[in-house]
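With the numbering used here, you'll find the sequence shown wraps up at 361, consecutive numbering, no jumps. First up is the structure itself, then whatever we jot down about it.
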Amino acid sequence: MSSGRILDNLVAQKAEFVNHARSKVYQYIRWKDRDHLIRIVEKDAYGPGQYRTHRPGLDLYVFVLGCFCTKKKYKEHELDSALTDPVVNIVCDCYSELLQANSHQLKEHLIQKILSNDIILQATLKIVIDKLKSKGLRITESSLAKLVHETVSQTAHTAAHSHLGTTIGHSITVAAGSTAGQFLINILVKAIAHHVTTITTNIIGNIAVKTVVKAAAKKVCITAITGVIVKTIATKLGFTSTMSILHVLVIGGYLTVKLIGLPREMAEKVSNGVSDTLNNSYRSCLEEILDDITDSVTDPKKIASLMTSEMVDISEFQRELEKGTNLSNEELSALENIMEKGVQKG
């Protein structure tokens with residue numbers, strides 16, 4: 016499945032996705048107490064990556080809150096709302112749920128992307144052949160170059176014109192007149208298709224995908240989410256960029272009264288802000304997620320390792336490679352079984 020097709024299918028689910036994300040964000044914020052909603056995180060307060068959370072009632076809290084609402088640093092440290100990360104995580108979970116619901120299409124998309132990438136295939140085959148040579152396979156450089164070229168071409172053809180299940184699930188047919196080189200090509204094509212499928216299946220349910228999704232989603236929505244939170248709190252409490260310390264202290268004295276109704280108001284405004292952001296960035300965010308996931312599965316070393324892990328006994332294959340394939344050879348089926356161990360057990 017092409018990138019365009021899977022994106023079109025996902026875009027068709029946009030309205031449902033956005034409404035689902037908005038509802039989850041609303042419910043999360045709506046039932047939080049007011050104290051939690053106005054906690055401020057001081058980044059790197061105790062060193063790189065060490066945050067401090069400022070809560071109402073603590074010393075200097077009002078000054079920290081004032082800095083946050085007027086978009087200023089506190090002690091040269093960046094400030095953020097304690098709500099930002101949980102809300103971003105909710106959005107990320109929604110993207111993960113979307114991808115899981117469309118995992119079959121996503122897997123097909125990833126397989127096609129990998130099998131049509133000549134650079135990845137060439138790198139994979141080089142590692143495979145090097146490992147087989149270390150186990151005793153003898154092949155000339157010219158034969159190797161031809162082998163790699165034809166395997167890459169046939170793999171790309173298989174990805175473009177065949178159902179991958181047929182390539183993976185059925186035995187290899189050696190046509191009349193085929194050489195042992197063609198036999199190896201068929202073996203390698205099948206092994207690549209199988210193990211790429213194995214890798215993508217594992218990756219889709221892996222924590223790595225959640226990391227990719229979070230990175231892409233966070234990049235898209237964190238600024239907007241923080242902006243909505245700042246504006247909502249600042250407006251509710253009456254903070255302005257030009258107010259004096261005295262005004263800040265006055266606001267602090269009436270903080271409890273001013274926060275009445277904040278959970279409902281913030282739930283409405285932040286969830287609406289998330290909805291607007293997702294509506295505007297939905298397709299571009301998915302494009303980035305798909306690209307990053309593809310990068311995470313296109314590791315030639317990983318594919319090659321799986322392909323060669325069971326290919327131990329290659330002596331029979333070596334003889335066939337040197338003399339050409341004899342279709343009347345009764346040992347041909349046994350030879351195929353030996354070489355397919357890495358496919359069937361991978």
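Glycine included, every Cβ here is placed at the ideal spot set by N, Cα and C. Quick caveat, the model's predicted, so the values are computed rather than measured.
Contacts around residue i, its chain only, beta-carbon distance under 6 Å, and the 5 residues preceding and following it disregarded
i    : result
C107 : V228, K229, A232
V26  : R298
Y41  : A282, S286
T313 : I129, I135
E31  : none
Q115 : none
K29  : Y297
Residue from the options whose Cα sits closest to the Cα of residue i
i    : options                : result
Y110 : T226, I126, D133       : T226
L22  : D291, V235, L305, A319 : L305
V363 : R54, R45, Y41, A97     : With the chain covering 16 to 361 only, the question about residue 363 has no answer from this structure.
P101 : R279, L52, N294, S157  : L52
S290 : S311, E165, V235, N132 : V235
S118 : I237, R279, N24, L277  : N24
V167 : A160, L152, D133, I142 : D133
E165 : K148, W46, Q137        : Q137
L94  : D59, C300, L73, Q115   : D59
V103 : N295, L252, R37        : R37
C82  : C300, L252, D310       : L252
L75  : E280, P63, Y89, E156   : Y89
K87  : V245, I275, G72, E303  : V245
L301 : S157, L121, L162       : L121
Supposed close pair residue i, residue j - CB separation, criterion 8 Å
i    : j    : result
I154 : P315 : Contact doesn't hold; Cβ gap of about 19 Å is too wide.
A239 : C84  : Incorrect: roughly 17 Å between the Cβ atoms, too far for contact.
H35  : E57  : No, H35 and E57 are not in contact; Cβ-Cβ is about 33 Å, not under 8 Å.
I308 : L125 : 7 Å
T241 : K284 : Wrong, their Cβ atoms sit about 13 Å apart, outside the cutoff.
I44  : L98  : 7 Å
D50  : R20  : The pair is not a contact, with the Cβ atoms about 48 Å apart (cut-off 8 Å).
P278 : K39  : Their Cβ separation, rounded to whole angstroms, is 15 Å, which puts P278 and K39 out of contact at 8 Å.
Beta-carbon proximity list for residue i, same chain, < 7 Å, skipping 5 on both sides
i    : result
H185 : Residue placement at H185 is poorly supported in this model, since its pLDDT is 39, which falls under 50; the coordinates still yield a value, given next. Cβ within range, chain order: n/a, list empty.
I142 : P315, K316, A319
Contacts around residue i, its chain only, beta-carbon distance under 8 Å, and the 5 residues preceding and following it disregarded
i    : result
T292 : V235, C236, A239, I240
T396 : The structure shown does not extend to residue 396, since the chain is modelled only from 16 through 361, so no value can be given for it.
G288 : A239, I240, G242, V243
V33  : S290, L293, N294, Y297
Y61  : R67
Q65  : D59
#### Entry: Segments assigned beta strand (DSSP E), at least 3 residues, entirely inside the segment 91-145
94-96
### Task
Entirely within the segment 22-101 and at least 3 residues each: give me those beta strand (DSSP E) ranges in chain order.
55-57, 67-69, 94-96
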